[in-house]
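Chains A and B, in that order, give the protein sequences.
Our numbering puts the last residue of the first sequence at 390; the count rises by one with no breaks.
Our numbering puts the last residue of the second sequence at 1307; the count rises by one with no breaks.
Every residue gets a Cβ at the ideal spot worked out from N, C-alpha and C, and that includes glycine.
For clarity, every value in this text was computed on a predicted model and none was experimentally measured.
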Amino acid sequence: MRATLRPIFFSLACLLLLSACSKRPESSVDGVVRIGMAAPLTGPQSDIGLDIQRGIQLGVDDVNASGLVIGGKPVKFELLSEDDEANSTKATTVAQKLVDSGVVAVVGHFNSGSSIPASRIYADAGIPQVSPGTTAPRYTQQGYATTFRLVANDDQQGPAMAAFAVNTLKAKRVAVIDDSTAYGQGLAAAFAARAKAAGVEIVAQEHTTDKDTDFTAILTNIKSKNPQYVFFGGIYSQGAPMAKQMKALGLDAPLLGGDGIQTPKFIEVAGSAGEGTYASIPGLPKDRMPGGRAFLEKFQARFHRPVELFAPMGYDAVFVIADAMKRANSTQPARFLPELKKTRIQGVTGPIEFDEHGDLKNGPITINVVKDGKWVAEETVIPPAATAQP
Amino acid sequence: METLIQQIINGLVLGSVYALVALGYTMVYGILGLINFAHGEVVMVGALVALATVKALAALGLPAAVQLPIGLAVAMIACMALGAAIERIAYRPLRNAPRLAPLITAIGVSIVIQYTVVLISGRSYHAYPELLSTRSFDLYGARISPAQIAVILISTAAMAVLLWIVHRTRLGRAMRATAENPEVARLMGVNVDRVISLTFVIGSAMAAVAGVLVSINYSVAHYQMGFVLGLKAFTAAVLGGIGNLAGAMVGGLLLGLIEALGAGYIGDLTGGVFGSNYRDVFAFLVLVLVLIFRPSGLLGERVAERA
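This is the structure we're talking about:
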């Protein structure tokens, strides 16, 4: 019984496979090329996701209006949007759906927790993925050739803050604290290494955990070493009580940190003790982008609303893809993927070039400061290359 | 010198809170021989109930001087009810069960409370309003904030009240009798169930006070804050001799001082070989040493019953 059924199952499976193949549209045939996008379009982060979607839509419209010609034939982009709900399971589902719909490139996702699991699906299909906002270093360090991003990653924040402390704040004596997590330790170590190389004296290197709320002992010790600034690698849940305890102990050195403390919640918890705290966040403030003003006006005219945050990166991502296709003279992912790595264009967010991992070279990082109970952009730092001495 | 004074103040503040929470562990252990691992969650509930009350009062426009005492009172009442409910629902049915059963139940209760709180108020950190002035006082070059003074004063007062209850009232005598021998106490006319229930209620009131003090001092509250605090307080209770009220206080203060001085000086004393990340190692090392030389803690187990 079983022996007689097996060939039938086999042929059924073959048929299914064949039909699956034939369903996959050969999108370049009629001059329409499908570009996928995925971001949280519903839920608490939908403001960010919809903003990215509008930026990408504007990019697609502009590319189409420019009359893209590839391989002698006019090409039009068609955008397929998917909602990943900022959920890693949903992200893999929509990634598979995009791959099955025959997209040649994907702009997305936004959250690290979505971009990383989805990246395996795009890598298996050989489809390039350009993320407008994912900052987790691991996203581009998984060994896939298909992962790219248009923002600086978390590893570049420590050196950027160190450069700011040395050049702008003229810091000479700094104390460093980390929260013993991968993020916090990495940030603090990168900051300390860069600062030390620039001649800053690291007067104390202390550690706490991401569950502690009492830092008085280490802060008292730090106070006795008399630093000008205290750098904290960690998130706001420790950073904010730390700022308060510093003030209470009479340790009058401003706190420096990464994007983990750059949240409104930090100000809410720290209160007046948070004033003057500096924190880095990847990306440029939108009004300081090279193509910023023109882009903001175009965006406003088209959608009747201002840019939230990552729309310019989404817009640039479409042009990065179109540019690679032009140079490869093909809309086949296998053909234009190698050209994507050699990208060198001027986007609205600034000059775009990728390193060997697909990370943005010289990705700008903005230093924000708490002024009158608000995070305000203070200065933009291009993190120095890892090998160069500042 | 001012650094040393400052570290001693830091240690006393931390230690007062540990002592207050440790009392809850030690009271229950003294009477039932049970480690109530859900005690840390009662601290957390106290902090969040007080926060909700204070926010409601602030919305009514009442001044901070009124918000704090009312918030504290509401938190104490809520926690007393919670403590009584935990004892009635989770521990009383298991009173004659093998010792492992109530221990596992305690962990279960702790998880249930934590995630009930998550359902109600979410996982994020809640900012605590500044109910006390943040202007610090100068003490021989060291700084002490009004919140820290409140922690030391209120916890000392709460411990004094507890000692008075246990040693000077009928209820206290009944508690000591039950701790010594529940069967004989019952024969002497002590309502053992009621005494045990009241022990939980009093311990939970202490926990509420501790929760409010911790949150005011650090200006945050969240659903996991009871876990580490409970663990440290339990360590303090064991350090002083579990079941022993004076031991819990001594153990709490000592643990606070060890942590502050350890974290503050270990890096400099070892030339940077050990950093402040070894703070907890240091604290637990002292615990191990004490237990090697005095297996029943610094002040011995359950001296109250022999007194």
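Cα-Cα separation, residue i to residue j
i: Ala204 of chain A; j: Gln1148 of chain B; result: 25 Å
i: Gln1067 of chain B; j: Leu1131 of chain B; result: 8 Å
i: Ile116 of chain A; j: Gly186 of chain A; result: 19 Å
i: Arg1135 of chain B; j: Ala248 of chain A; result: 7 Å
i: Leu1198 of chain B; j: Ala1065 of chain B; result: 30 Å
i: Leu337 of chain A; j: Val104 of chain A; result: 10 Å
i: Ser1219 of chain B; j: Leu1291 of chain B; result: 35 Å
i: Asn1217 of chain B; j: Val1151 of chain B; result: 8 Å
i: Ala192 of chain A; j: Gly113 of chain A; result: 28 Å
i: Met1250 of chain B; j: Ser1133 of chain B; result: Before going on, a small fix: residue 1250 of chain B reads as Val here, not Met. Their backbone Cα atoms lie some 29 Å apart in a straight line.
i: Ile1031 of chain B; j: Gln228 of chain A; result: 53 Å
i: Ile1200 of chain B; j: Lys1055 of chain B; result: For clarity, residue 1200 of chain B is Phe in the given sequence; the question names Ile instead. Straight-line Cα distance between these residues: approximately 28 Å.
i: Gly1024 of chain B; j: Tyr144 of chain A; result: 55 Å
i: Val348 of chain A; j: Ala190 of chain A; result: 29 Å
i: Leu1289 of chain B; j: Pro1295 of chain B; result: 9 Å
i: Glu201 of chain A; j: Ala1078 of chain B; result: 51 Å
i: Leu50 of chain A; j: Asn153 of chain A; result: 22 Å
i: Gly258 of chain A; j: Leu1239 of chain B; result: 39 Å
i: Arg138 of chain A; j: Asn111 of chain A; result: 12 Å
i: Arg344 of chain A; j: Glu353 of chain A; result: 5 Å
i: Ala1075 of chain B; j: Ala1106 of chain B; result: 21 Å
i: Thr93 of chain A; j: Tyr183 of chain A; result: 28 Å
i: Phe1284 of chain B; j: Leu1162 of chain B; result: 27 Å
i: Ala1246 of chain B; j: Ile261 of chain A; result: 41 Å
i: Gly276 of chain A; j: Pro254 of chain A; result: 6 Å
i: Val1286 of chain B; j: Gln129 of chain A; result: 54 Å
i: Leu1269 of chain B; j: Leu1261 of chain B; result: 11 Å
Contacts of residue i in chain B (Cβ-Cβ under 8 Å)
i: Pro241 of chain A; result: Tyr1218, Ser1219 and Val1220
i: His207 of chain A; result: Gly1275, Ser1276 and Asn1277
i: Leu249 of chain A; result: Gln1006, Ser1136 and Arg1143
i: Ser237 of chain A; result: Tyr1125, Val1220 and His1222
i: Ser180 of chain A; result: Asn1277
i: Lys244 of chain A; result: Thr1134, Tyr1218 and Ser1219
Residues that residue i contacts on chain A, provided the C-beta gap is smaller than 7 Å
i: Val1228 of chain B; result: Lys211
i: Asn1010 of chain B; result: Thr216, Ala217 and Thr220
i: Gly1046 of chain B; result: Under the 7 Å cutoff, chain A gives no residues; its nearest Cβ is about 16 Å from Gly1046 of chain B.
Buried or exposed (CB count within 10 angstroms, at least 16 for buried), residue i
i: Asn1036 of chain B; result: buried
i: Thr134 of chain A; result: buried
i: Tyr1115 of chain B; result: exposed
i: Ala388 of chain A; result: Per-residue confidence for Ala388 of chain A stands at a pLDDT of 34, beneath the threshold of 50, marking its modelled position as unreliable; the derived number appears in the next sentence. The residue is exposed, with fewer than 16 neighbouring Cβ atoms inside 10 Å.
i: Pro1069 of chain B; result: exposed
i: Ile365 of chain A; result: buried
i: Gln346 of chain A; result: exposed
i: Gln391 of chain A; result: Residue 391 of chain A lies beyond the residue range present for chain A, which begins at 1 and ends at 390; the question has no answer from this structure.
i: His304 of chain A; result: exposed
i: Gly71 of chain A; result: exposed
i: Gly373 of chain A; result: exposed
i: Gln300 of chain A; result: exposed
i: Met1188 of chain B; result: exposed
i: Lys223 of chain A; result: buried
i: Asn1010 of chain B; result: buried
i: Glu82 of chain A; result: buried
i: Ala334 of chain A; result: exposed
7 Å Cβ cut-off: residues of chain B touching residue i
i: Gly271 of chain A; result: Glu1130
i: Ser112 of chain A; result: Result: empty, since nearest Cβ-Cβ is about 18 Å, beyond 7 Å.
i: Glu268 of chain A; result: Ala1127
Cross-chain neighbours of residue i in chain B, by beta carbon under 9 Å
i: Ile121 of chain A; result: By Cβ distance, chain B contributes nothing, its closest Cβ being about 29 Å from Ile121 of chain A, past 9 Å.
i: Glu85 of chain A; result: Correct list: empty, because the minimum Cβ distance to chain B is about 18 Å.
i: Lys265 of chain A; result: Ser1124, Tyr1125 and Ala1127
Residues that residue i contacts on chain A, provided the C-beta gap is smaller than 9 Å
i: Thr1003 of chain B; result: Thr220, Asn221, Lys223 and Ser224
i: Glu1259 of chain B; result: Asp214 and Ala217
i: Gly1240 of chain B; result: Those do not exist, as Gly1240 of chain B stays about 20 Å from chain A at its closest Cβ, beyond 9 Å.
Checklist entry - With a cut-off of 8 Å, do at least 3 Cβ pairs link the region 1010 to 1026 of chain B to the region 1250 to 1257 of chain B? => result yes
Next on the checklist: Does the contact criterion of 3 or more C-beta pairs under 8 Å hold for the region 369 to 378 of chain A versus the region 304 to 313 of chain A?
Outcome noted: no
Next on the checklist: Does the structure place the region 212 to 225 of chain A close enough to the region 155 to 164 of chain A that three or more beta carbon pairs sit under 8 Å?
Outcome noted: no
Checklist entry - Which ranges would you report for the alpha helix (DSSP H) in the region 1170 to 1230 of chain B if only whole runs of at least 4 residues count? => result 1170 to 1180, 1182 to 1187 and 1192 to 1218
Next on the checklist: With a threshold of 8 Å, are at least 3 pairs of Cβ atoms found where one atom belongs to the region 317 to 324 of chain A and the other to the region 82 to 96 of chain A?
Outcome noted: no
Checklist entry - Can at least three beta-carbon pairs, one atom from the region 91 to 101 of chain A and one from the region 53 to 70 of chain A, be found at a separation below 8 Å? => result no
Next on the checklist: Ignoring anything shorter than 3 residues, give me the beta strand (DSSP E) runs that lie fully in the region 190 to 237 of chain A, in order along the chain.
Outcome noted: 201 to 207 and 229 to 233
Checklist entry - At what residue ranges does the region 329 to 375 of chain A contain a whole run of the alpha helix (DSSP H), taking only runs of 4 or more? => result 333 to 341
Checklist entry - Is the region 1219 to 1232 of chain B touching the region 1037 to 1056 of chain B, taking contact as three or more C-beta pairs under 8 Å? => result yes
Checklist entry - Residue ranges of each alpha helix (DSSP H) run of no fewer than 4 residues wholly in the region 30 to 101 of chain A, ordered along the chain? => result 46 to 65 and 88 to 100
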